[in-house]
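Report on the following structure.
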Ligand SMILES: Nc1ncnc2c1ncn2[C@@H]1O[C@H](COP(=O)(O)OP(=O)(O)OP(=O)(O)O)[C@@H](O)[C@H]1O
Ligand SMILES: [Mg+2]
């Protein structure tokens with residue numbers, strides 16, 4: 000062993016929330032100059048552990064050592080001072096601020112907030128190949144760029160230890176490769192990276208060490224070349240994973256959702272979704288592939304009725320364009336929104352109230368025009384059990400659930416009303432491998448019963464594995480069709496970036 | 128690539144996002160010149176000298192300042208993410224404390240005391256909304272209900288039952304300044320020459336006998352812009368209004384910057400109050416603020432949460448307010464020519480930009496203006512008095528399409544959430 004003390008050493012960290020022990024006696028050692036991955040199922044306590052290291056939450060017990068020195072942080076300020084930076088699971092960027100404003104905030108003393116700061120940003124950006132422009136507004140940036148701004152923010156403060164919480168959840172393969180390229184660059188400069196991910200192949204590909212957390216404690220530390228993804232998954236959940244079943248097509252020729260010429264315009268009049276036309280049949284899953292920000296979110300919102308749009312939408316033979324969202328939902332549209340914090344959940348409301356949300360006029364939530372509290376609560380208990388939502392009770396606020404468990408609750412709610420068509424935007428975002436398989440099973444079973452699905456996802460394996468037909472969206476237009484039985488993630492990834500030149504068949 | 132490629136492709140164009148958010152200086156000058164020419168035309172066409180008389184302009188300036196200060200108050204609070212509809216209450220505190228301070232210690236100390244009074248009002252609002260998480264609207268309404276009661280009580284104990292609703296006369300006022308020579312424009316103004324008399328009137332109105340407080344208030348507009356957009360302090364205040372979680376994750380004490388924003392907000396409103404009781408008039412009277420806190424808020428929304436826009440909004444409302452006192456029936460009637468033309472122009476512009484709802488509503492309003500103009504010679508007094516409020520309503524209704532409030536404006540925030 001070298002004489003160098005480890006970059007980070009956590010000893011016996013314990014953290015309790017009302018009703019849950021998020022971390023109990025966690026031990027973690029991160030060698031300097033390495034990429035260290037942390038994996039574990041939803042609610043295992045990964046984010047909590049990282050927030051403790053970053054000073055956002057105080058541990059109840061335990062010790063933190065940075066480069067051999069014991070430290071105690073009462074706020075992120077302290078952690079930043081000790082050279083720790085964190086990129087959160089949900090981005091922490093103000094949309095209406097420029098890159099510079101977002102980066103210098105809180106660190107104005109370093110290089111001011113003007114020209115000097117911009118020069119510094121450009122310098123860091125070039126040094127690590129981040130390609131970030133200091134004057135762009137963050138709202139004009141795609142997810143990949145935002146990610147790099149987050150990293151730049153951390154580097155700007157001179158961080159030597161980087162924490163990335165699920166940095167790849169929203170990225171397409173090319174962006175993931177770029178990100179890992181950036182990370183390797185950092186390691187070469189002697190920095191240390193800690194990162195959380197649910198994509199186990201990716202973890203094995205990039206990490207130097209892997210720590211597995213289960214139910215709040217560290218259960219194993221492994222080297223990536225000594226385990227397979229399946230072994231990792233088994234370590235995470237503590238039991239064998241169900242093997243993915245062979246699937247046969249359930250596509251019928253009865254159209255259930257027919258969309259013609261759907262166009263959504265932005266505030267400036269330019270089309271965000273441009274003339275989208277497609278049909279979903281009973282029992283069919285139609286996947287939409289695209290880099291985030293190319294209109295897929297708006298397409299989903301237009302179909303569920305949250306956005307004004309031109310064009311026609313027919314659900315099971317009934318024209319529903321012009322209906323409001325509630326009517327569409329009652330008529331049999333289910334919706335899993337892409338951003339569970341912005342839509343889909345009332346973070347401060349208890350789980351059973353969130354169960355009612357969007358289905359407030361339907362049984363078991365309603366009796367006549369009154370809310371049926373008893374029915375809603377009973378059904379929430381059922382969803383929690385059936386979808387394995389890890390929670391101390393159905394009375395806790397949704398905000399207290401881990402990201403993946405919030406997602407499971409939403410999926411359970413939407414599936415409970417037997418929708419004719421489910422609009423699923425990133426249905427397994429931030430969900431661990433075990434729960435992911437379970438959600439896929441739920442969708443497949445409903446599909447056998449005749450449900451149509453519009454699937455939007457950044458996870459290309461999920462798209463290809465689940466879809467019966469694939470469409471590529473780019474700049475608001477459906478630019479290409481692909482056959483999921485033959486297309487590879489790489490081909491799909493290339494098409495998503497709008498590179499269509501080399502597609503001419505010979 | 129091999130023949131088994133399963134992708135079929137159509138042409139695609141990437142989405143580029145060109146944007147320009149701020150007006151350049153030359154555009155602004157152009158607009159000012161256009162407004163002047165428009166008003167001169169109105170002056171000549173409808174024979175309405177009061178639309179650009181120095182008296183009207185001076186009154187407009189005096190009416191605009193308290194609105195602008197209230198608007199600045201709103202701006203500081205909302206940029207920090209706190210809605211402050213208690214501005215009215217903080218203004219009321221400003222009127223009373225300003226008058227009382229001026230009577231006791233002279234105008235300058237009085238000014239300071241009035242500002243402090245407003246700031247304390249802001250502090251109370253901050254304690255309620257930031258520390259205790261009270262709903263911003265509820266706390267603001269409470270402030271507006273509470274303030275008149277507090278000052279009534281204070282009046283009673285300081286000036287006795289005779290002075291319960293108004294103070295003694297304030298004799299000592301902050302000095303007024305004139306630009307030398309500007310008074311000689313009076314002659315030019317009286318000639319009623321096209322454009323020249325109008326410019327003379329406007330200049331004399333703006334530069335003759337201007338209170339130092341007015342100058343201070345006008346300077347607060349660029350000062351606020353500079354602090355909020357060019358200093359680290361301002362960046363921090365704005366960040367807690369845009370994304371407090373992000374600010375927190377960078378180690379900022381979000382509560383502290385919200386406090387700063389709301390207390391400064393109260394101080395601005397307080398200054399607006401002092402202005403009413405010691406500059407516009409020389410006496411504190413109950414109900415003196417007359418809803419200016421709310422109009423100031425509307426001016427800020429009109430200005431899209433920016434100091435420059437807010438100043439334009441306040442001037443617009445101040446101007447309509449001033450006109451009603453100067454042969455209002457005729458002047459407002461004459462102005463309909465300009466208003467109608469502007470609305471119709473807006474209608475065309477919005478139609479090109481495919482904003483059908485706005486286009487149609489402004490076209491209808493434009494036509495209505497002309498119908499009104501040609502069917503009567505004088506606008507009924509009741510309608511004249513309502514003119515500033517109608518302006519607020521119309522402008523807000525038409526402008527609301529493009530507004531961009533701070534992203535976390537009015538949202539509750541808890542640390543570690
Ligand atoms: N603020 C909070 N209040 C109460 N409980 C919380 C809070 N934050 C997290 N928890 C609980 O702590 C546990 C661990 O949550 P954490 O967010 O660390 O999980 P995670 O491993 O990051 O999961 P995921 O992969 O789903 O993001 C969960 O049971 C969660 O419900
Ligand atoms: Mg997490």
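Chains as they are written, first to last, in the numbering used here: chain D, 0 to 505; chain C, 128 to 544. C-beta: ideal position from N, C-alpha, C; glycine also.
Next item on the list: Kindly examine ligand 2 and report whether one of its heavy atoms sits closer than 6 Å to the Cβ of residue 88 (chain D).
Entry: Yes, the Cβ of residue 88 (chain D) comes within 6 Å of a heavy atom of ligand 2.
Notebook entry, point to check: Mind checking residue 491 (chain D): buried by the 16 CB within 10 Å criterion, or exposed?
Noted result: With 16 or more Cβ atoms within 10 Å of its Cβ, residue 491 (chain D) is classed as buried.
Checklist line | chain C contact residues for residue 92 (chain D), given Cβ-Cβ distances below 9 Å | finding: What residue 92 (chain D) touches in chain C: 370, 373.
Check: Under the criterion of a Cβ to heavy atom distance below 6 Å, does residue 196 (chain D) qualify as lining ligand 2?
Finding: Distances from the CB of residue 196 (chain D) to the heavy atoms of ligand 2 are all 6 Å or more.
Next item on the list: Kindly indicate if chain D contains any beta-carbon less than 7 Å away from that of residue 359 (chain C).
Entry: It does: the Cβ of residue 359 (chain C) has a partner Cβ on chain D nearer than 7 Å.
Notebook entry, point to check: Regarding residue 402 (chain D) and ligand 2, is the C-beta to nearest heavy atom distance less than 6 Å?
Noted result: Yes, the Cβ of residue 402 (chain D) comes within 6 Å of a heavy atom of ligand 2.
Check: Between which two residues does the beta strand (DSSP E) harbouring residue 511 (chain D) extend?
Finding: The structure shown does not extend to residue 511 (chain D), since chain D is modelled only from 0 through 505, so no value can be given for it.
Note to self: Any contact between the region 381-393 of chain D and the region 288-296 of chain D? By contact I mean 3 or more CB pairs, one from each, below 8 Å.
What the structure shows: No, the region 381-393 of chain D does not touch the region 288-296 of chain D.
Checklist line | Near-chain D residues of the region 520-538 of chain C (beta-carbon distance less than 9 Å), N- to C-terminal order | finding: Contact annotation: in the region 520-538 of chain C, residues whose CB is within less than 9 Å of a CB in chain D are 528, 529, 531, 533, 534, 535.
Item checked: CA-to-CA distance, residue 270 (chain C) to residue 539 (chain C), given in whole angstroms -> Straight-line spacing of the CA atoms in residue 539 (chain C) and residue 270 (chain C) works out to 18 Å.
Notebook entry, point to check: Do you know how far the Cα of residue 274 (chain D) is from the Cα of residue 537 (chain C)?
Noted result: CA-to-CA, the gap between residue 537 (chain C) and residue 274 (chain D) works out to about 37 Å.
Check: Can residue 461 (chain C) and residue 159 (chain C) be called in contact, C-beta distance under 7 Å?
Finding: Not in contact: residue 461 (chain C) and residue 159 (chain C) (Cβ atoms no closer than 7 Å).
Note to self: Just to check my reading of the structure: residue 155 (chain C) and residue 400 (chain C) have Cβ atoms closer than 8 Å, yes? What is that Cβ distance to the nearest angstrom?
What the structure shows: A Cβ-Cβ distance of about 30 Å is found for the pair residue 155 (chain C) and residue 400 (chain C), leaving them out of contact under the 8 Å criterion.
Notebook entry, point to check: For residue 376 (chain D), is the classification buried or exposed, using 16 other Cβ atoms within 10 angstroms of its Cβ as the cut-off for buried?
Noted result: Here residue 376 (chain D) is buried. Its C-beta has 16 or more other C-beta atoms within 10 Å.
Check: Looking only at C-alpha atoms, which of D:140, D:467, D:277, D:486 sits nearest to residue 290 (chain D)?
Finding: For the residues D:140, D:467, D:277, D:486, the minimum Cα distance to residue 290 (chain D) belongs to D:140.
Margin query: Let me confirm a value: residue 280 (chain C) is counted as buried when at least 16 other C-beta atoms fall within 10 Å, else exposed. Which label applies?
Written below: Within 10 angstroms of the beta-carbon of residue 280 (chain C) lie fewer than 16 other beta-carbons, which makes it exposed.
Next item on the list: For the beta strand (DSSP E) containing residue 35 (chain D), list its first residue and its last residue.
Entry: In the DSSP assignment, residue 35 (chain D) falls within the beta strand (DSSP E) that extends over 34-39.
Item checked: Terminal residues of the alpha helix (DSSP H) in which residue 369 (chain C) lies -> Per DSSP, residue 369 (chain C) belongs to the alpha helix (DSSP H) from 359-369.
Notebook entry, point to check: What do you reckon, is the C-beta of residue 353 (chain D) under 6 Å from a heavy atom of ligand 1?
Noted result: Residue 353 (chain D): no, Cβ never under 6 Å from ligand 1.
Notebook entry, point to check: How many angstroms separate the CA atom of residue 420 (chain C) from the CA atom of residue 352 (chain D)?
Noted result: Taken atom to atom, the span from the alpha-carbon of residue 420 (chain C) to that of residue 352 (chain D) is near 38 Å.
Checklist line | DSSP bridge partner residues for residue 194 (chain D) (one or two, in chain order) | finding: Residue 194 (chain D) has D:36, D:163 as its beta-bridge partners, per DSSP.
Check: In chain C, what lies closer than 9 Å to residue 107 (chain D) by C-beta?
Finding: Within chain C, the residues near residue 107 (chain D) are 358, 359, 360, 362, 363.
Check: Do the region 401-412 of chain D and the region 424-434 of chain D meet, that is, are 3 or more Cβ pairs less than 8 Å apart?
Finding: The region 401-412 of chain D, when compared against the region 424-434 of chain D, does touch it at the 8 Å Cβ threshold.
Check: Does the Cβ of residue 188 (chain D) have 16 or more other Cβ atoms within 10 Å, making it buried, or fewer, making it exposed?
Finding: Looking at its Cβ environment, which holds fewer than 16 other Cβ atoms inside 10 Å, residue 188 (chain D) is exposed.
Margin query: Please give the ranges of any alpha helix (DSSP H) in the region 259-327 of chain C, keeping only runs that are unbroken, at least 4 residues long and fully inside the region.
Written below: Listed in chain order, they are 263-286, 312-317.
Check: For the region 58-84 of chain D, which residues have a beta carbon sitting closer than 7 Å to at least one beta carbon of chain C?
Finding: Correct list: 74, 75, 76, 79.
Notebook entry, point to check: Residues of chain C with a CB under 7 Å from the CB of residue 543 (chain D): which are they?
Noted result: Since the displayed chain D opens at 0 and closes at 505, residue 543 (chain D) lies outside it and no answer follows.
Item checked: Near-chain D residues of the region 377-395 of chain C (beta-carbon distance less than 9 Å), N- to C-terminal order -> Of all residues in the region 377-395 of chain C, the ones placed with a Cβ closer than 9 Å to any Cβ belonging to chain D are 377, 378, 379, 380, in chain order.
Next item on the list: Write down the C-beta distance between residue 280 (chain D) and residue 255 (chain D) rounded to the nearest angstrom, noting that I regard them as a contact closer than 8 Å.
Entry: Confirmed, about 6 Å.
Notebook entry, point to check: Can a CB atom of chain C be found closer than 7 Å to the CB of residue 104 (chain D)?
Noted result: With 7 Å as the cut-off, residue 104 (chain D) counts as an interface residue toward chain C.
Notebook entry, point to check: According to DSSP, what are the bridge partners of residue 489 (chain C)?
Noted result: Residue 489 (chain C) is not bridged to any residue.
Check: Tell me, which residues are paired with residue 472 (chain D) by DSSP?
Finding: Partner residues in the beta bridge of residue 472 (chain D), as assigned by DSSP, are D:477.
Check: How about residue 366 (chain C): is its C-beta nearer than 7 Å to some C-beta of chain D?
Finding: Residue 366 (chain C) has a beta carbon lying within less than 7 Å of a beta carbon in chain D.
Note to self: Considering only heavy atoms of ligand 3, does any lie closer than 6 Å to the CB of residue 19 (chain D)?
What the structure shows: In terms of ligand content, the structure shown lacks ligand 3 and carries ligand 1 and ligand 2 instead.
Next item on the list: Put residue 243 (chain D) into one of helix, strand or coil per three-state DSSP.
Entry: Any answer about residue 243 (chain D) is weak, because its pLDDT of 48 lies below 50 and its placement is not dependable; what the coordinates show is given next. Residue 243 (chain D): coil per DSSP, three-state reduction.
Notebook entry, point to check: So, residue 45 (chain D) versus residue 195 (chain D), is the Cβ gap smaller than 7 Å?
Noted result: Closer than 7 Å, so yes.
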